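The sequence shown begins at 96 in the numbering used here and counts up by one.
Each residue gets a CB set at the ideal place from its N, CA and C atoms; glycine is no exception.
Just so it is clear, the structure is predicted and the values come from calculations on it, not from any experiment.
Reading through the structure tokens given below for one structure.
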Amino acid sequence: MKQKFTRNVLIKYIYKETTVAETLAVNEALSEDFQLHQQYQELLFAQRQLPKVKFDAKTSTLNNILNYSKQATLETH
């Protein structure tokens, strides 16, 4: 039986969020279904066009988190 994969499953596959079973099934389907492979390539291309965003927290925020963690650890001991 030929399984149909949605765009959402392909997106999960691209971001490596599929289960092992899903990954194996998508791999097999991509090698057998030309249209699915084309759709995958289009989604992969679109993903690569997205801007690479990097989020950085302020140093003071990171220090507050670390201090809170330190304090919480001391309180539990």
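Whether residue i touches residue j by CB criterion (8 Å)
i, j, result
"VAL104", "THR113", "yes"
"LEU145", "ILE109", "no"
Rounded Cβ spacing between residue i and residue j (contact assumed at less than 8 Å)
i, j, result
"ILE140", "ALA124", "Here residue 140 is Phe; the residue named in the question, Ile, does not match the sequence. In fact, because the Cβ distance is near 19 Å, the residues do not count as touching under 8 Å."
Distance cut-off 7 Å: residue i Cβ against heavy atoms of the ligand ATP
i, result
"ALA167", "Questions concerning the ligand ATP fall outside what the structure shown contains, since it holds no ligand whatsoever."
Contacting residues, own chain, Cβ-Cβ under 8 Å from residue i (five flanking each side not counted)
i, result
"ALA167", "none"
Cutoff 6 Å; reference residue i; Cβ partners in own chain excluding five residues on either side
i, result
"ARG143", "none"
Spatial neighbours of residue i in its chain, beta-carbon cut-off 7 Å, leaving aside the 5 residues before and after
i, result
"MET96", "Unreliable placement is indicated for MET96, whose pLDDT of 45 sits below 50; no coordinate value is reported for it."
Problem - Entirely enclosed alpha helix (DSSP H) segments - the region 114-155, minimum 4 residues - result: Runs of alpha helix (DSSP H) with 4 or more residues, each lying fully within the region 114-155, are found at 115-127, 129-144, listed in chain order.
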